[in-house]
Amino acid sequence: MTITYQGQPYQRFQDYIDRQAHQGLEGPDSAPLYAHPVDGWILRTLNSTPVKSVINKALDALVSYTFGYDLAMSIFIDAQTFPDIYDVLVRCSQTLGIPIPHAVTRHDAALFNAYTAGTDEYAFIHISSTLLEYYTKDEAEFVVGHECGHIASGHMTYHTLAQILTSAAIQKLGPWAPLVQIVAGPTLLAWSRRSEVTADRAGLLCCGDIAVAERALLRLLTGLADVDRVDLDDYLRRYKDIEDFHGSAKFQELFSTHPMLPKRILALRLFANSEIYYSLSGKPKPEGQRLLSREELNRRVSEIVKP
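For the sequence shown, position 184 (counting from the first letter as 1) is numbered 913 according to my numbering, and the numbering increases by one without interruption.
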């Protein structure tokens, strides 16, 4: 099926992947080519656990319990109600080759909030109505592209469960809650942290500029302060010193759905300097610059992401 936007056909991301298959660029198990390699392996592990059938039966009720209020109190994003955000959503969908997701918005106390929830059969993206007031449009493309990346990568069932696993809603599983937390918890959270690396890569492909992506991530820490006043390289150096001194930070990360933000920035920088990024983005490769092979990229990112 040919997908069009404003009357013009565009190339689906999957079409590009199919054409590149003969060059050995297909991802394992049809995972996106930008995916972190551990993504698919951990998903296969989770799918083989005894709790998978329990998850399938319970997740719809959990999604309704956890996110139903947000959906009921939100406004659907389309070309009439929020055209600027909708345009960003469409562009990200184009880049990643997915149907335009169901997206909603409302005012949040967290001004820069965006998240994706649901299952692989149905997912929605929640975007704060104030996002474009504080982010530039290209920065918003990174944020929305990150969320679209979860959908494009088939993350949604376990991505949603990971969110629920770290909230009070896990108790809705009743007597199954301890089993899910003990059997699936550590593996699920380990996968979730790596899935965020994959989604960051999707965001970079959508916005097309590593400096833009870094600013968008840094705004999560600076809030309303001027992000351009932060010396990012100095911040990353200081983070490394603090991490080495305070070992408990690594232990606490084991119980988090996301890697620490400096790790995400460092991992994304490596991807932006890789052969696979330039192949997928269509950008001309920089002359005289050595790009990371897929194998070297995977090795170095794995060293960064592990707690």
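We put the beta carbon where it would ideally sit given N, CA and C, even for glycine.
Taking the C-alpha atoms as reference points, what is the distance between residue i and residue j?
| i | j | result |
| --- | --- | --- |
| Leu860 | Ala760 | 29 Å |
| Ala945 | Gly878 | 16 Å |
| Arg1023 | Ser1003 | 7 Å |
| Pro1036 | Glu982 | 6 Å |
| Pro1050 | Asp768 | Here the chain covers residues 730 to 1036 and nothing more, so residue 1050 does not appear. |
| Gly826 | Val872 | 17 Å |
| Thr889 | Arg993 | 20 Å |
| Pro830 | Leu818 | 8 Å |
| Ile1033 | Ser1010 | 23 Å |
| Leu1020 | Leu800 | 43 Å |
| Ser1031 | Cys936 | 24 Å |
| Pro828 | Ser793 | 23 Å |
Which residue comes first and which comes last in the beta strand (DSSP E) that contains residue i?
| i | result |
| --- | --- |
| Ser857 | 852-857 |
| Ala760 | Here Ala760 belongs to no beta strand (DSSP E), and DSSP marks it neither H nor E. |
| Thr986 | Note, Thr986: premise wrong, no beta strand (DSSP E); not H, not E. |
| Ala846 | 843-847 |
Hey, could you find the ends of the alpha helix (DSSP H) residue i is sitting in?
| i | result |
| --- | --- |
| Ala940 | 939-951 |
| Tyr1006 | 1004-1010 |
| Val873 | 866-881 |
| Arg1023 | 1023-1034 |
| Arg820 | 812-825 |
| Arg998 | 990-1001 |
| His831 | First-last for His831: 831-835, but that is the beta strand (DSSP E), not the alpha helix (DSSP H). |
| Ala891 | 885-894 |
Are the CB atoms of residue i and residue j nearer to each other than 7 Å?
| i | j | result |
| --- | --- | --- |
| Ile806 | Ala832 | yes |
| Ala891 | Ser921 | yes |
| Val824 | Ser858 | Looking at the sequence itself, residue 824 is Thr, so the reference to Val does not match. The answer is no: Cβ separation not under 7 Å. |
| Gly847 | Phe841 | no |
| Ser924 | His875 | no |
| Pro991 | Leu953 | no |
| Leu949 | Val956 | no |
| Ser882 | Thr927 | yes |
If I'm right that residue i touches residue j with Cβ under 8 Å, what's the distance once you round it to whole angstroms?
| i | j | result |
| --- | --- | --- |
| Leu702 | Asp929 | Nothing in the structure corresponds to residue 702, since the chain is present only between 730 and 1036. |
| Leu934 | Tyr763 | 6 Å |
Closest Cβ-Cβ distance between residue i and chain C: below 7 Å?
| i | result |
| --- | --- |
| Asp955 | Considering every chain present, this structure includes no chain C. It has just one protein chain. |
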